Amino acid sequence: MFWIDLSVSEMNAPACNRARYIVQQIRLLSLCALPLLAPVHSAEAQCEFDVCGYWYSENYGVGPTVQYQSIDLVGETLVCTKVLGDPYVPTGAVTWQGIPTACSFPGQIFATNGLGGPLTPINCQIEIVSSDHIIVSGPFLLNFYRSNTGHLDHEGIDYSAFPVSCIECPLFPNVFTPNGDGVNDLLELDCGGPSARFAVSDRWGNTVFETLDERPSWDGRKDWTPCAEGVYFWSMIAKDDRTGKIRHGYVHLLR
Numbered sequence: 001m002f003w004i005d006l007s008v009s010e011m012n013a014p015a016c017n018r019a020r021y022i023v024q025q026i027r028l029l030s031l032c033a034l035p036l037l038a039p040v041h042s043a044e045a046q047c048e049f050d051v052c053g054y055w056y057s058e059n060y061g062v063g064p065t066v067q068y069q070s071i072d073l074v075g076e077t078l079v080c081t082k083v084l085g086d087p088y089v090p091t092g093a094v095t096w097q098g099i100p101t102a103c104s105f106p107g108q109i110f111a112t113n114g115l116g117g118p119l120t121p122i123n124c125q126i127e128i129v130s131s132d133h134i135i136v137s138g139p140f141l142l143n144f145y146r147s148n149t150g151h152l153d154h155e156g157i158d159y160s161a162f163p164v165s166c167i168e169c170p171l172f173p174n175v176f177t178p179n180g181d182g183v184n185d186l187l188e189l190d191c192g193g194p195s196a197r198f199a200v201s202d203r204w205g206n207t208v209f210e211t212l213d214e215r216p217s218w219d220g221r222k223d224w225t226p227c228a229e230g231v232y233f234w235s236m237i238a239k240d241d242r243t244g245k246i247r248h249g250y251v252h253l254l255r
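Right, here's the structure in full:
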């Protein structure tokens with residue numbers, strides 16, 4: 001219901017003017033009565049803290065004392081994936097996920113009720129305390145803290161299958177020395193996930209090595225003949241890339 005209060009001067013105005021005034025007031029009140037629409041924002045812009053990268057947690061109570069995860073945006077969903085898991089939530093499984101509409105937002109944490117049991121999503125609350133600290137609360141409380149690739153390398157944690165968008169992945173080194181001294185003798189995949197096809201060619205375009213192995217490595221030979229020193233060009237199709245995109249690069253072979 002709209003209430004319209006006309007002053008004495010307005011009541012004494014000519015009838016046509018009073019009618020015009022009433023119409024104007026109804027239009028104004030109708031606009032004021034419309035519900036306010038919340039502004040639409042992308043999920044990424046809702047929290048000022050950037051949490052992309054590698055993390056660890058110490059308070060799972062099962063499995064390794066320290067467990068490592070990768071955290072990254074997949075579309076608008078923030079996804080935490082186990083880099084080093086346990087028998088309950090194995091390596092490669094999603095630990096938790098949610099859409100970060102704010103620094104504190106609802107999500108799902110994945111757990112199992114027994115060893116080897118199926119992972120079940122459980123509602124939880126995810127709070128990004130800072131760029132170095134995340135709290136996940138629900139049936140239990142978990143704290144996650146920032147790590148880095150240097151620490152993971154020192155601990156011998158293989159994170160190559162779990163690249164994150166904020167850390168550049170070189171895939172392969174640009175120099176290797178296949179001279180049989182046991183140091184840097186192989187050209188091996190550093191990160192980026194398993195390979196569907198990997199090939200190496202010389203500067204004239206001749207293929208010197210090709211494999212369908214998921215973890216390709218080249219020892220610097222064509223068949224059994226050592227290749228000459230020089231620049232060689234590699235190409236790879238990632239197994240998990242359904243677009244069939246071919247990645248390219250080069251490597252210096254030194255002996």
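In my numbering, the protein residues as written are 1 to 255. Even glycine gets a Cβ: it sits at the ideal position worked out from N, Cα and C. Since we're looking at a predicted model, the values are computed, not measured.
Check: Considering only their Cβ atoms, is the gap separating Leu73 from Pro178 smaller than 8 Å?; Outcome: no
Check: Kindly list the residues whose CB is nearer than 6 Å to the CB of Ile157, restricted to its own chain and excluding five residues on each side of it in sequence; keep chain order.; Outcome: Tyr68, Leu84
Check: Between which residues of its own chain and Ser235 is the CB-CB distance below 6 Å, once the five residues before and five after are set aside?; Outcome: Ala199, Ile246, His248
Check: With a cut-off of 8 Å on the beta carbons, I'd call Ile71 and Gly53 a contact; round off their distance for me.; Outcome: 6 Å
Check: Assign Thr81 to one of two classes, buried (16 or more other C-beta atoms within 10 Å of its C-beta) or exposed (fewer than that).; Outcome: buried
Check: Beta carbon of Trp96, beta carbon of Phe105: below 8 Å?; Outcome: no
Check: In this structure, how does DSSP classify Ala238 when only helix, strand and coil are distinguished?; Outcome: strand
Check: For Ile237, which of Val94, Asn113, Pro194, Ser160 has the nearest alpha-carbon?; Outcome: Pro194
Check: Below 6 Å CB to CB, which residues in the same chain sit around Ser257 once its five sequence neighbours on both sides are set aside?; Outcome: Nothing can be reported for residue 257, as the shown portion of the chain is limited to 1 through 255.
Check: On the premise that Trp218 lies in contact with Leu187, defined as a C-beta separation below 8 Å, what is that separation, rounded to the nearest angstrom?; Outcome: 4 Å
Check: Just verifying my parser: in three-state terms, what is the DSSP assignment at Leu253?; Outcome: strand
Check: How far does the beta strand (DSSP E) with Gly182 in it extend, from its first residue to its last?; Outcome: Neither: Gly182 is in no beta strand (DSSP E) and is coded neither H nor E.
Check: Cβ of Gly85 less than 8 Å from any chain D Cβ?; Outcome: The displayed structure is made up of one protein chain only, and chain D is not part of it.
Check: Can you grab the Cα-Cα spacing for the pair Gln46 / Pro100, in whole Å?; Outcome: 7 Å
Check: Would you mind working out which of Phe162, Asp181, Gly180 sits nearest Leu189, comparing C-alpha positions?; Outcome: Phe162
Check: Excluding the 5 residues preceding and the 5 following Thr149 in the sequence, name in chain order all residues of the same chain whose CB lies nearer than 8 Å to its CB.; Outcome: Tyr54, Tyr159, Ile167
Check: Do Phe49 and Phe122 have their beta-carbon atoms positioned less than 8 Å apart in this structure?; Outcome: Note that residue 122 is Ile in the sequence shown here, rather than Phe. Contact flag unset, no.
Check: Compute the distance between the beta-carbons of Ser201 and Phe176, then report whether it is under 8 Å.; Outcome: no
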